[in-house]
Every structure is written in C-alpha cells, then in structure tokens.
Amino acid sequence: NAGVTQTPKFQVLKTGQSMTLQCAQDMNHEYMSWYRQDPGMGLRLIHYSVGAGITDQGEVPNGYNVSRSTTEDFPLRLLSAAPSQTSVYFCASSYSFVGGEQFFGPGTRLTVL
Amino acid sequence: QQPVQSPQAVILREGEDAVINCSSSKALYSVHWYRQKHGEAPVFLMILLKGGEQKGHDKISASFNEKKQQSSLYLTASQLSYSGTYFCGTETGTASKLTFGTGTRLQVTL
C-alpha cells in the first residue's frame, strides 16, 4: 500500500500560471480533502469530496478548483496562481465522512513568484 | 471557525508531563489529535467521539468534555520523540469537515 501520494513535491510558479496538484490514494477511501498550511495558521480546508462525483468547498476555496472522477484521485487545480497561494498543500483521505482518521500525503511545497 | 489551542508553545525536559488544550465555540461530534514533525505530514494520534470514553496509548492520552466543547491531550513522561507540533481537529457532525486549530509547538530537551 502506497497510502496517499502527492506530486509534485516542490513547484515554483509565476503569477498567473495555472497548474494541477495531483493526489491519489490506494486505500479505497471515499472521503478525500485538500488542506493548505501556512505558518501560524494551522491546516485550513480548501475543498473536500465524500465520493466520486461529489465535491464541496471548505474554509478557503477561492482560487482553487477540484473534481473527483474516480475514488482514487482528487486533483487540485490552481487556475491563475497568486503569491497568496504560496503554501504547503496536503491531501488527505479517510474511510469515514465523520469521525474517521485522516491519512495525509507527504505534501507539495508551492511557491508563487 | 477554528478551535483554539493552548498553550501555543511549550518546552519540556525529558520525563516531564504536558497538557495541551483545545476548545471550540460549537457543539462537537468529535475531536482529532495529530502530531506533525518539521517538514513532514501530520500523523494521527487519536479520535475522541461524542459519548466515548477517554482514550490513550503508551504515555499519550486525551479526554473530551462534550458539555464544554473542550478536549485535552496529556503527554506523560515525555520523550525526545514527542517533539513536534500538535494539532487538534474538530468536527461538528453536521458536515464532513475537519477544522484544525493553529497548533501547539512542543519541544522536549535533555
């Protein structure tokens, strides 16, 4: 079991560029989510999904899009990168919508110049 | 709304005990605790569910006071490996959202 995998590990973008952060899990978890982590702010929920075809917004969804076409994959798209999106991004999955342990991926460190 | 953690930081000598608190203004269904070491992903410690009992493993345990919407994480006889940032995450049960606190940085020294 690879668990939760994320690619790339590091990325540098210029303002206005777009990119997709990849997330995949092999545990057959229905629930997946994206967080961003900034110094002193903890982990903030961007978007989440309770199953294929179902997504919803978290606390800080602006500037990000998601889709969930399969149980395994949950990519995060930045449509037009801004310096405020410089952060570490974590993807997580869980076997339960509520009350389930979250398994985190290794993270993607994104810098927007 | 983020749960509030206290203290923000604590330094311990090996073998000392620590308590980290997490409080919410909303009625909670569950409280999660995670530990994150520098440059790594958060790692699950335990979940406390509404109506459940206190949990623990090894020298780390936690309690959940539903009436006060508070949880406490207890680290006893701390070890160097306990160093890291501890996050609580709360669920209200009405939505599939886990909201994290801003973290408590714990450093254990010799």
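Chains as they are written, first to last, in my numbering: chain A, 10 to 122; chain B, 1443 to 1552. Don't be surprised by glycine CBs; every beta carbon is placed ideally from N, CA and C. Being a predicted model, the structure only gives us computed values, none of them experimental.
Check whether the Cβ atoms of residue i and residue j sit closer than 8 Å, and answer yes or no.
{"i": "residue 16 of chain A", "j": "residue 31 of chain A", "result": "yes"}
{"i": "residue 1531 of chain B", "j": "residue 1546 of chain B", "result": "no"}
{"i": "residue 1388 of chain B", "j": "residue 1514 of chain B", "result": "In this structure chain B extends from 1443 to 1552, so residue 1388 of chain B is not present and cannot be described."}
{"i": "residue 1511 of chain B", "j": "residue 1468 of chain B", "result": "yes"}
{"i": "residue 57 of chain A", "j": "residue 105 of chain A", "result": "no"}
{"i": "residue 70 of chain A", "j": "residue 76 of chain A", "result": "no"}
{"i": "residue 1456 of chain B", "j": "residue 1521 of chain B", "result": "yes"}
{"i": "residue 116 of chain A", "j": "residue 98 of chain A", "result": "yes"}
{"i": "residue 1447 of chain B", "j": "residue 1544 of chain B", "result": "yes"}
Spatial neighbours of residue i within its chain, please: CB distance less than 7 Å, with the 5 preceding and 5 following residues excluded, ordered by chain position.
{"i": "residue 87 of chain A", "result": "27, 28, 72, 73, 94"}
{"i": "residue 11 of chain A", "result": "35"}
{"i": "residue 38 of chain A", "result": "102, 103, 104"}
{"i": "residue 1453 of chain B", "result": "1549, 1551"}
{"i": "residue 81 of chain A", "result": "33, 34, 35"}
For residue i, count the other beta carbons within 10 Å of its own beta carbon; 16 or more makes it buried, fewer makes it exposed. Which is it?
{"i": "residue 1449 of chain B", "result": "exposed"}
{"i": "residue 1519 of chain B", "result": "exposed"}
{"i": "residue 1483 of chain B", "result": "buried"}
{"i": "residue 1493 of chain B", "result": "exposed"}
{"i": "residue 1474 of chain B", "result": "buried"}
{"i": "residue 1552 of chain B", "result": "exposed"}
{"i": "residue 112 of chain A", "result": "buried"}
{"i": "residue 19 of chain A", "result": "exposed"}
{"i": "residue 90 of chain A", "result": "buried"}
{"i": "residue 1466 of chain B", "result": "buried"}
Cα-Cα, which of the options is closest to residue i?
{"i": "residue 45 of chain A", "options": "A/38, A/61, A/76, A/101", "result": "A/101"}
{"i": "residue 1472 of chain B", "options": "A/113, A/107, A/115, A/117", "result": "A/107"}
{"i": "residue 1527 of chain B", "options": "A/51, A/104, A/18, A/22", "result": "A/51"}
{"i": "residue 1477 of chain B", "options": "B/1492, B/1469, B/1487", "result": "B/1487"}
{"i": "residue 49 of chain A", "options": "A/111, A/96, A/109", "result": "A/96"}
{"i": "residue 1461 of chain B", "options": "B/1529, B/1508, B/1485, B/1534", "result": "B/1529"}
{"i": "residue 13 of chain A", "options": "A/114, A/90, A/99, A/109", "result": "A/114"}
{"i": "residue 66 of chain A", "options": "A/112, A/43, A/118, A/103", "result": "A/43"}
{"i": "residue 1491 of chain B", "options": "B/1464, B/1501, B/1481, B/1505", "result": "B/1505"}
{"i": "residue 1516 of chain B", "options": "B/1503, B/1507, B/1509, B/1447", "result": "B/1503"}
{"i": "residue 166 of chain A", "options": "B/1451, B/1446, B/1481", "result": "With chain A covering 10 to 122 only, the question about residue 166 of chain A has no answer from this structure."}
{"i": "residue 1470 of chain B", "options": "B/1479, B/1489, B/1485", "result": "B/1489"}
{"i": "residue 1599 of chain B", "options": "B/1508, B/1479, B/1445", "result": "With chain B covering 1443 to 1552 only, the question about residue 1599 of chain B has no answer from this structure."}
{"i": "residue 1508 of chain B", "options": "B/1479, B/1523, B/1534", "result": "B/1534"}
Here's a check: name, in chain order, each residue in its chain whose Cβ is nearer than 8 Å to the Cβ of residue i, leaving out the five neighbours to either side.
{"i": "residue 122 of chain A", "result": "21, 22, 23, 24, 92"}
{"i": "residue 79 of chain A", "result": "61"}
{"i": "residue 7 of chain A", "result": "A query on residue 7 of chain A cannot be resolved here, the shown segment of chain A reaching from 10 to 122 and no further."}
{"i": "residue 53 of chain A", "result": "44, 45, 46, 47, 67, 68, 69"}
Spatial neighbours of residue i within its chain, please: CB distance less than 6 Å, with the 5 preceding and 5 following residues excluded, ordered by chain position.
{"i": "residue 120 of chain A", "result": "21, 95"}
Please compile the residues from chain D whose C-beta is within a distance smaller than 8 Å of the C-beta of residue i.
{"i": "residue 1540 of chain B", "result": "No chain D is part of this structure, whose protein chains are labelled A and B."}
For the region 1450-1478 of chain B, which residues have a beta carbon sitting closer than 8 Å to at least one beta carbon of chain A? Those residues of the region 1450-1478 of chain B that come within reach of chain A (Cβ to Cβ, closer than 8 Å) are 1471, 1472, 1474, 1476.
Which residues, taken in chain order from the region 1499-1515 of chain B, show a beta carbon closer than 7 Å to some beta carbon of chain A? Of all residues in the region 1499-1515 of chain B, none has a C-beta nearer than 7 Å to a C-beta of chain A.
Residues of the region 68-89 of chain A whose Cβ lies closer than 9 Å to any Cβ of chain B, in chain order: So the close ones are 68.
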